[in-house]
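> Below are the structure tokens for one structure; questions will follow.
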Amino acid sequence: MFKKVPKSIVNQVESGADLVPVPTIFDHEHFRPLRLVMKPKEKRFCRSPPYKKAFYSLEDVLLPGGDDKSREPLFPKGGHQGSTQFTVTKRVSDMVDGDVSASAGGVTGEVKAGISLSKEWSIKLEKKHIPVEELEALTTKRKINMNHPLIQQLQKTKQRLYVIYETIEASEETTYKESTEAEGSVVARFYAKLCVKGSKENKQTVTIPKGCTLAFRVIPLIVRNGFWGKHDNQLTYLDFFWFSGFSRGELRQLEAEVEKNCQILPKLSFRVSIILLEALKAVMKDTNLFRELSQKMEAVLCGTDSRELKTESPELKDLLENLRNSSIQRLLQMAGAIGYTLEALDELTEDQLLLLLVSLEKKIVPQQLKLVASILEHDIENKRSFSVDATLLSFSQEEEQELTLAMIEMSGVTLQKDGSVVCKEDAFLAIAALCVSLCVLNLLSKQTGLRVPSH
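Going by the UniProt record's numbering, the letters in the sequence shown line up with residues 1 to 455, in that order.
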């Protein structure tokens, strides 16, 4: 639920095209000025994948200078760090039952239960930044330590490195509350059965602490032989926030991407496949486990010692133990495949994750995969209405068909029993993420191969 606040801020702040929302409240301290972050490659299901924390600051990867001043902070007085305060207001839809409150009078309205009521909430923010010119001046004084674990790891993984130079922080503690009513829906019937942590009938609350980073801006770092700096073209860092669009062969390209990122998965033994599948099922039920596994995979790709792959969570112990005892090459391949899968799952809604778990239990994932693949065979970016083979909607039980249609509709695609399809404007990314998730789960459950089934 935290994601809604940073995204809302980014959408409303002036000149926010290159402003990046912080993905999770638990990591906000890793997105401060001068902290390093990594940019994963664009995925077919995500135009701008979230930045990953690198666990280090710029100062951590620099060699000492030639004088005693090199032991001082890079910017002893904070540089010419600006500090601008402003307020962002969000109008809450009258279809939502929720409320927002702040400790220092930052609220202009409160939403209570009731369909017709719609009011505004606001949050006081502070923008901090270090001028890019000061960072550029630093490149002539300090070199990069090419032996630093992070730098060496990035040379292997080819991930892009960035430094944060501007942040937007909460200048006061703010609480956001929201409740959703799922009673009577196809989703609600499965919550108690699967013992998913949290209930759709309960209010969700997130408290944003004072000083919490909500959004940030970055510039890329190019490292060559110890020298570093940003791209020659000052606008290059903006390019990564634009996407070239999709082609008619998108399904095949998506399939190729899955094979490239998950090439180790078909080689896993039956035992390891089960271990990984059980771990994924566990994190799909529990956001805390999801975050823990994601962070550990990020740490592996940043060059953290594999001996740190330990946990107190029983659901993850077998998987992490297996990874800890793997060779470096296998560990990196597994971390990459797991991380890729988690990115796809993270694009889905909580309800979709629940329905995926039910689908695994009912062993209908292969048929769902064929159905979703048939949708992606159409140019849904330009053709919003078409038909698929109606036999793909024939399930042995009506409940299976019902949950499948509901899960796909959550990705912006409405299916009728006669095979007619209507897609929303932004449906491609969501349905592609669902396809990747189904593909990996299908593979791990040993019901079919990695390739999307033909029909």
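Think of the CB as a built atom: it goes at the ideal place given N, C-alpha and C, for glycine as much as any other residue. Just so it is clear, the structure is predicted and the values come from calculations on it, not from any experiment.
Under 9 angstroms between the Cβ atoms of residue 441 and residue 323?
Against a cut-off of 9 angstroms, the Cβ pair of residue 323 and residue 441 comes out as no contact.
> Which one of 155, 293 and 285 has the shortest CA to CA distance from residue 340?
Checking every option, the nearest Cα to that of residue 340 belongs to 293.
> Pull up the distance between the alpha-carbon of residue 329 and that of residue 435, whole angstroms please.
If you take the alpha carbons of residue 329 and residue 435, they lie about 27 angstroms apart.
> Assuming contact is defined by CB atoms lying nearer than 9 angstroms, are residue 63 and residue 36 in contact in what I supplied?
It is not a contact, given that the beta carbons lie outside the stated cut-off.
> For the candidate residues 288, 331 and 302, whose alpha-carbon lies nearest to that of residue 311?
The shortest Cα separation from residue 311 among 288, 331 and 302 belongs to 288.
> Taking 8 angstroms as the threshold, find out whether the segment 272–288 comes into contact with the segment 394–405 through three or more Cβ pairs.
Counting Cβ pairs under 8 angstroms, fewer than three are found: no touch.
> Please classify residue 374 as buried or exposed, where buried requires at least 16 neighbouring CB atoms within 10 angstroms.
Burial call: buried.
> Distance check for residue 297 and residue 136, CA to CA, integer angstroms please.
Approximately 32 angstroms, taken between the alpha carbons.
> Measuring straight from C-alpha to C-alpha, what distance separates residue 146 and residue 320?
In a straight line, the C-alpha of residue 146 is about 29 angstroms away from that of residue 320.
> Less than 6 angstroms between C-beta atoms, sequence neighbours within five positions excluded: which residues of the same chain meet that for residue 138?
None.
> Nearest to residue 350 by alpha carbon, out of 290, 364, 379 and 387?
Of the candidates 290, 364, 379 and 387, the one whose C-alpha sits nearest the C-alpha of residue 350 is 290.
> State the Cα-Cα distance for the pair residue 165 and residue 389, rounded to the nearest angstrom.
If I take the Cα positions, the gap works out to 51 angstroms.
> For my contact list, residue 376 and residue 301 are in at a C-beta cut-off of 8 angstroms; report their separation, rounded to the angstrom.
Their Cβ separation, rounded to whole angstroms, is 28 angstroms, which puts residue 376 and residue 301 out of contact at 8 angstroms.
> Looking only at its chain, what residues have a beta carbon closer than 8 angstroms to the beta carbon of residue 272, apart from the 5 residues adjacent to it on each side?
Taken in chain order, the residues that qualify are 322.
> Using the C-alpha atoms, what's the distance from residue 219 back to residue 39?
Rounded to the nearest angstrom, the two C-alpha atoms are 11 angstroms apart.
> Output needed for residue 74: all residues of its chain with C-beta closer than 6 angstroms, excluding positions within five of it in sequence on either side, in chain order.
Correct list, in chain order: 59.
> When DSSP labels each residue in this structure, what does residue 380 get in the three-state scheme?
Coil, per DSSP.
> Given that a residue counts as buried once 16 or more other Cβ atoms are within 10 Å of its Cβ, and exposed if not, what is residue 140?
Burial call: exposed.
> For residue 154, which of 299, 27, 171 and 316 has the nearest alpha-carbon?
Nearest of 299, 27, 171 and 316 to residue 154, Cα basis: 299.
> Whole alpha helix (DSSP H) runs in the segment 372–431 with 4 or more residues, listed along the chain?
Listed in chain order, they are 398–409.
> Go ahead and pull the three-state DSSP assignment for residue 312.
It is coil, neither helix nor strand.
> So is residue 223 in contact with chain B if we call contact Cβ pairs under 9 angstroms?
The structure shown contains no chain B, having only a single protein chain.
> Determine the contact status of residue 162 and residue 51, defining contact as a CB-CB distance below 9 angstroms.
Yes.
> Going by beta carbon distance, what residues of the same chain come within less than 7 angstroms of residue 387, once the five residues before and after it are set aside?
419, 420 and 421, listed in sequence order.
> Would you kindly check if the distance between the Cβ of residue 400 and the Cβ of residue 437 is under 9 angstroms?
No, these two residues do not count as a Cβ contact at 9 angstroms.
> Can the beta-carbon of residue 215 be found closer than 9 angstroms to that of residue 19?
Cβ distance < 9 angstroms, so residue 215 and residue 19 count as in contact.
> Does the beta-carbon distance from residue 144 to residue 61 come in below 9 angstroms?
Result yes, Cβ atoms of residue 144 and residue 61 sit closer than 9 angstroms.
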